[in-house]
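S.K.: Mind looking over this structure? Questions follow.
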Amino acid sequence: MKVHEYQAKEILNKYGVPIPKGKVAFSPEEAYQIAKDIGGVVVVKSQIHAGGRGKGTFKSGFKGGVKLAKNAEEARDYASKMLGEILVTHQTGPEGKKVEKVYITEASDILKEYYLGIVLDRAKERNVIMASSEGGVEIEKVAAETPEKIFKVWVHPLLGLQKYQIRELGFALGFSGDIFKSFSELLEKLYKAHEESDATLTEINPLITTKEGKVIALDAKMNFDDNALARHQEIASLRDISEEDPLEVEASKHDLNYIRLDGTIGCMVNGAGLAMATMDVITLEGGKPANFLDVGGSATTERVKNAFRILLSDKNVKSVLINIFGGIVRCDVIAEGVLAAAKEIEIKLPVVVRLQGTNSEKGMELLKNSGQNFITAKDLKEAASLAVKAQKGM
Ligand code: ADP
Ligand code: MG
Numbered sequence: 000m001k002v003h004e005y006q007a008k009e010i011l012n013k014y015g016v017p018i019p020k021g022k023v024a025f026s027p028e029e030a031y032q033i034a035k036d037i038g039g040v041v042v043v044k045s046q047i048h049a050g051g052r053g054k055g056t057f058k059s060g061f062k063g064g065v066k067l068a069k070n071a072e073e074a075r076d077y078a079s080k081m082l083g084e085i086l087v088t089h090q091t092g093p094e095g096k097k098v099e100k101v102y103i104t105e106a107s108d109i110l111k112e113y114y115l116g117i118v119l120d121r122a123k124e125r126n127v128i129m130a131s132s133e134g135g136v137e138i139e140k141v142a143a144e145t146p147e148k149i150f151k152v153w154v155h156p157l158l159g160l161q162k163y164q165i166r167e168l169g170f171a172l173g174f175s176g177d178i179f180k181s182f183s184e185l186l187e188k189l190y191k192a193h194e195e196s197d198a199t200l201t202e203i204n205p206l207i208t209t210k211e212g213k214v215i216a217l218d219a220k221m222n223f224d225d226n227a228l229a230r231h232q233e234i235a236s237l238r239d240i241s242e243e244d245p246l247e248v249e250a251s252k253h254d255l256n257y258i259r260l261d262g263t264i265g266c267m268v269n270g271a272g273l274a275m276a277t278m279d280v281i282t283l284e285g286g287k288p289a290n291f292l293d294v295g296g297s298a299t300t301e302r303v304k305n306a307f308r309i310l311l312s313d314k315n316v317k318s319v320l321i322n323i324f325g326g327i328v329r330c331d332v333i334a335e336g337v338l339a340a341a342k343e344i345e346i347k348l349p350v351v352v353r354l355q356g357t358n359s360e361k362g363m364e365l366l367k368n369s370g371q372n373f374i375t376a377k378d379l380k381e382a383a384s385l386a387v388k389a390q391k392g393m
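What follows is the structure, given as structure tokens:
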């Protein structure tokens with residue numbers, strides 16, 4: 000689960016990580032009041048679940064999702080140009096994201112910008128802390144072009160973050176004196192916040208130093224492990240559904256493992272492994288999957304019906320591929336679900352069906368006698384090939 004910058008900063012601040020003073024605003028008037036209370040120069044920051052806001056552009060033509068405002072009047076003006084508008088950044092994709100709130104923070108006097116991030120390294124089975132003096136810019140670019148500028152330490156899950164590791168990173172960034180001390184304290188608190196809140200990613204870009212010898216988190220991004228949210232009610236309550244794909248939200252209500260992709264072939268499959276294999280074979284046959292969907296081992300008619308409805312409501316879908324291996328779930332149950340959905344929604348798209356395993360003949364029979372025009376296939380390769388060829392308007 001993702002949260003907004005202002006929410007991540009509230010969490011980090013509870014652990015004592017220094018952040019600039021700030022408050023979230025939902026209207027230009029509120030932005031004005033907050034800016035007035037803070038006083039002086041402030042920064043108006045669009046709150047969306049994506050980075051790259053500073054360099055982003057609004058669909059209205061207004062440039063910059065992060066703006067420095069000289070006074071409260073200017074803060075109100077910027078807020079009115081951001082709120083309700085669609086911001087496009089290199090992380091949002093061309094469709095962009097609607098800004099529903101802005102974060103008003105005091106402006107910091109930046110000496111230098113750094114990058115600091117914590118993420119799980121699955122290959123090494125431990126958290127990796129990454130730091131770079133190339134802050135404020137896209138870290139993916141630094142990693143690709145000048146990987147030697149990213150310093151890493153891996154934290155042992157039982158021993159925890161060690162003082163020598165903090166020192167290693169501090170020296171690598173070229174810190175000394177007060178700044179070194181401030182950095183060490185910040186990193187210790189940041190790591191504690193990451194670990195205790197079951198975060199999968201904590202990213203501070205930029206982390207800044209000031210002339211007064213302070214180290215401050217100027218931006219913050221945190222993602223959390225969905226499977227751990229049950230033990231973090233406070234974090235779970237920060238979920239902002241308006242930031243999520245509506246079809247994914249709908250799918251999660253029905254316990255479906257559904258992830259929307261950018262292709263054109265809607266897939267309904269049981270089992271995550273078979274779903275991955277199906278996506279691979281579609282790609283090999285020259286198509287592109289519109290989604291990953293695992294209806295699960297214990298799919299009921301109702302669940303299959305919902306899954307099929309969600310697939311068909313994706314406007315990008317040009318053909319549907321149903322690939323089921325009947326083990327725990329029976330093929331006739333799947334067929335019944337599809338037919339139940341077909342009663343409610345008119346199916347205008349070609350639907351290719353491959354059923355194998357328990358009650359597959361019975362399932363195929365149901366589909367054949369339904370009066371609907373299903374295309375049947377005997378194996379996965381044939382099914383994928385038919386689904387690619389059957390696409391309308393391609
Ligand atoms: P994003 O990463 O989405 O572009 P950031 O919060 O990193 O958003 O802001 C972009 C840039 O704006 C930062 O790299 C920094 O230079 C500047 N900035 C952000 N917040 C402040 C602040 N409080 N004071 C001064 N400059 C800021
Ligand atoms: Mg940033």
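Using numbering that gives the first Met the number 0, the first residue of the sequence shown is number 0, and each one after it goes up by one.
Using N, Cα and C, we set each Cβ at its ideal position, and we do this for glycine too.
The model shown is predicted, which means the values in this text are computed figures rather than measured ones.
Under 5 Å from any heavy atom of the ligand ADP, by CB: list those residues in chain order, please.
M.R.: P19, V42, G50, R52, G53, V65, T104, A106, S107, G135, P205, L217 and D218
S.K.: Can you grab the Cα-Cα spacing for the pair F223 / R52, in whole Å?
M.R.: Numbered from 1 along the sequence shown, position 224 holds the residue referred to as residue 223. Numbered from 1 along the sequence shown, position 53 holds the residue referred to as residue 52. Between the C-alpha atoms of F223 and R52 there is a straight-line separation of about 21 Å.
S.K.: Going by DSSP, what residues sit across from C266 in a beta bridge?
M.R.: For the purposes of this step, residue 266 is identified with residue 267 of the sequence shown, where counting begins at 1. DSSP, once it has assigned bridges, lists L320 as partnering C266.
S.K.: Nearest-angstrom Cα distance between L158 and I18?
M.R.: For the purposes of this step, residue 158 is identified with residue 159 of the sequence shown, where counting begins at 1. For the purposes of this step, residue 18 is identified with residue 19 of the sequence shown, where counting begins at 1. Those two C-alpha atoms are separated by around 28 Å.
S.K.: With 16 other CB atoms within 10 Å as the buried threshold, where does S378 fall?
M.R.: Here residue 378 refers to the residue found at position 379 when the sequence shown is read from its first residue. The question names Ser, yet the displayed sequence has Asp at residue 378. D378 is exposed by the Cβ-count criterion.
S.K.: Quick check: E247 and R259, are their CB atoms within less than 9 Å of each other?
M.R.: Position 248 of the sequence shown, counted from the first residue, corresponds to residue 247. Position 260 of the sequence shown, counted from the first residue, corresponds to residue 259. It is a contact, given that the beta carbons lie within the stated cut-off.
S.K.: Does Y14 come out as helix, strand or coil in the three-state DSSP assignment?
M.R.: Here the question's residue 14 lines up with position 15 in the sequence shown. Correct three-state label for Y14: coil.
S.K.: Thinking just about the alpha-carbon of each residue, which of N269, K69, P288 and Q232 is nearest to the one in T299?
M.R.: Counted from its first residue, the sequence shown places residue 299 at position 300. T299 has its Cα closest to that of N269, out of N269, K69, P288 and Q232.
S.K.: On the criterion of 16 or more Cβ atoms from any shown chain inside 10 Å, does I264 qualify as buried, or is it exposed?
M.R.: Start at 1 with the first residue of the sequence shown, and residue 264 comes out as number 265. Buried is the call here.
S.K.: Check whether the segment 95-111 and the segment 221-235 touch, using three or more Cβ-Cβ pairs below 8 Å as the test.
M.R.: no
S.K.: Can you list the beta strand (DSSP E) stretches of 3 or more residues lying completely in the segment 228-300, in chain order?
M.R.: Correct list: 256-259, 264-268 and 290-293.
S.K.: Give me the DSSP bridge partner(s) of R329.
M.R.: Numbered from its first residue, the sequence shown carries residue 329 at position 330. In DSSP, R329 forms no bridge with anything.
S.K.: DSSP has T88 in a bridge; who is on the other side?
M.R.: On the sequence shown, position 89 is the one that residue 88 refers to. Its beta-bridge partners do not exist; DSSP assigns none.
S.K.: Is the beta carbon of V40 less than 9 Å from the beta carbon of V101?
M.R.: Translated into the one-based positions of the sequence shown, residue 40 becomes position 41. Translated into the one-based positions of the sequence shown, residue 101 becomes position 102. No, these two residues do not count as a Cβ contact at 9 Å.
S.K.: Going by beta carbon distance, what residues of the same chain come within less than 6 Å of K66, once the five residues before and after it are set aside?
M.R.: Here residue 66 corresponds to residue number 67 of the sequence shown, with the count starting at 1. Within the same chain, K66 has close Cβ partners V43 and Y77.
S.K.: Pick out whichever of V280, K20 and Y257 has its Cα sitting closest to the Cα of N394.
M.R.: No answer is possible for residue 394: the residues shown for the chain start at 0 and end at 393.
S.K.: So is Q46 buried or exposed if we call it buried at 16+ other beta carbons inside 10 Å?
M.R.: As a working note, residue 46 is residue 47 in the sequence shown. Buried: at least 16 other Cβ atoms inside 10 Å.
S.K.: Would K123 count as contacting chain C if we go by Cβ distances under 9 Å?
M.R.: The chain labelled as chain C is not found in the depicted structure, where only one protein chain is given.
S.K.: Verify whether the separation of the beta carbon atoms of V374 and V351 is less than 9 Å.
M.R.: Start at 1 with the first residue of the sequence shown, and residue 374 comes out as number 375. Start at 1 with the first residue of the sequence shown, and residue 351 comes out as number 352. The sequence given here has Ile at residue 374, not Val. Yes; because the gap between Cβ atoms is below 9 Å, this pair is in contact.
S.K.: Is DSSP giving K304 helix, strand or coil here?
M.R.: The residue given as residue 304 occupies position 305 in the sequence shown. Reduced to three states, the DSSP call for K304 is helix.
S.K.: For P288, count neighbouring C-beta atoms within 10 Å of its own C-beta (all shown protein chains included) and say buried if the count is 16 or more, exposed if not.
M.R.: Counted from its first residue, the sequence shown places residue 288 at position 289. Buried, since its Cβ has 16 or more Cβ neighbours within 10 Å.
S.K.: So, are the CB atoms of A341 and Q371 less than 9 Å apart?
M.R.: Locating residue 341 in the sequence shown gives position 342, counting from the first residue. Locating residue 371 in the sequence shown gives position 372, counting from the first residue. Contact flag set, yes.
S.K.: Taking the CB atoms as reference points, tell me whether A394 and E301 lie closer together than 9 Å.
M.R.: Missing from the structure shown is residue 394; the chain here goes from 0 to 393 and no further.
S.K.: Using the C-alpha atoms, what's the distance from K1 back to K213?
M.R.: Position 214 of the sequence shown, counted from the first residue, corresponds to residue 213. Position 2 of the sequence shown, counted from the first residue, corresponds to residue 1. Whole-angstrom Cα-Cα distance: 28 Å.
S.K.: Determine the contact status of T201 and L189, defining contact as a CB-CB distance below 9 Å.
M.R.: As a position in the sequence shown, residue 201 is number 202, starting the count at 1. As a position in the sequence shown, residue 189 is number 190, starting the count at 1. A contact, by the Cβ cut-off of 9 Å.
S.K.: Please name the residue in T282, L310 and V280 whose C-alpha comes closest to that of L292.
M.R.: Residue numbering aside, residue 292 sits at position 293 when the sequence shown is read from its first letter. Selected option, being the one with the closest Cα: L310.
S.K.: Taking D120 as part of the beta strand (DSSP E), name the residues at either end of that continuous run.
M.R.: As a working mapping, residue 120 is identified with position 121 in the sequence shown. First-last of the beta strand (DSSP E) with D120: K111 to D120.
S.K.: In terms of residues, what are the limits of the beta strand (DSSP E) holding G356?
M.R.: For this step, residue 356 is matched to residue 357 along the sequence shown. Segment V350 to G356, the beta strand (DSSP E) holding G356.
S.K.: In this structure, how does DSSP classify S384 when only helix, strand and coil are distinguished?
M.R.: For the purposes of this step, residue 384 is identified with residue 385 of the sequence shown, where counting begins at 1. Residue state, collapsed to three classes: helix.
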